[in-house]
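Chemist:
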Amino acid sequence: MEAIGVPWFIVVRYLGPPVFLLVVGGALLVWRRPERAGLVWAALAVNLLAAALPFLWIGVQLLTGQGDLTVIGLVMTLLQPGTVVVAWLLLLLALVARPRAGSTAVTTANAGSGAMERAPENVG
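Note that the sequence shown covers residues 1272 to 1395 in the numbering used here.
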């Protein structure tokens, strides 16, 4: 990273938490697969991409020589927080989206007693 002018500790400070979140979130997704796992995987990946955008931008600047344009810098300044917002919206959508019709986690009414009964789940 010193080749692009960024010390390693800066990279670890910015990319460490999203990488940790991706590893722990991925382990939880494998262990307890939620209803909308694809959206959660996408949210974790977009969050990591958002954290990597400044470093990718520095690399693009070095490769193309276009880093001196103020408009491009402004777009990148707005793009990174916007990407984080997209990641959170994907996660929110995964949490509040209605379950599919054939889901086993949906409660069903017990015909005999009228009480609600949970469908069996794999709890580990």
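Every residue, glycine too, gets a C-beta built ideally from N, C-alpha and C.
(1) Applying the 10 Å Cβ sphere with the 16-neighbour rule, what's the burial state of residue 1289?
(2) May I ask you to report which of helix, strand or coil DSSP gives residue 1393?
(3) Please report the distance separating the alpha-carbon of residue 1294 from that of residue 1330.
(4) My output table needs one value for residue 1278: the three-state DSSP class, helix, strand or coil.
(5) So, do the stretch 1357-1368 and the stretch 1312-1320 have three or more beta carbon pairs nearer to each other than 8 Å?
(6) Enumerate in chain order the residues of its own chain whose CB-to-CB distance from residue 1343 is below 7 Å, with the five nearest sequence positions on each side excluded.
(7) Which term fits residue 1304, buried or exposed, when burial requires 16 or more other beta carbons within 10 angstroms of its beta carbon?
Modeler: Considering the structure as presented:
(1) Here the question's residue 1289 lines up with position 18 in the sequence shown. Looking at its Cβ environment, which holds 16 or more other Cβ atoms inside 10 Å, residue 1289 is buried.
(2) Numbered from 1 along the sequence shown, position 122 holds the residue referred to as residue 1393. Reduced to three states, the DSSP call for residue 1393 is coil.
(3) The residue given as residue 1294 occupies position 23 in the sequence shown. The residue given as residue 1330 occupies position 59 in the sequence shown. Approximately 25 Å, taken between the alpha carbons.
(4) Sequence index remark: in the sequence shown, residue 1278 carries index 7 (1-based). Residue 1278: coil per DSSP, three-state reduction.
(5) yes
(6) Position 72 of the sequence shown, counted from the first residue, corresponds to residue 1343. Excluding sequence neighbours, residue 1343 sits near 1337.
(7) For the purposes of this step, residue 1304 is identified with residue 33 of the sequence shown, where counting begins at 1. Exposed, since its Cβ has fewer than 16 Cβ neighbours within 10 Å.
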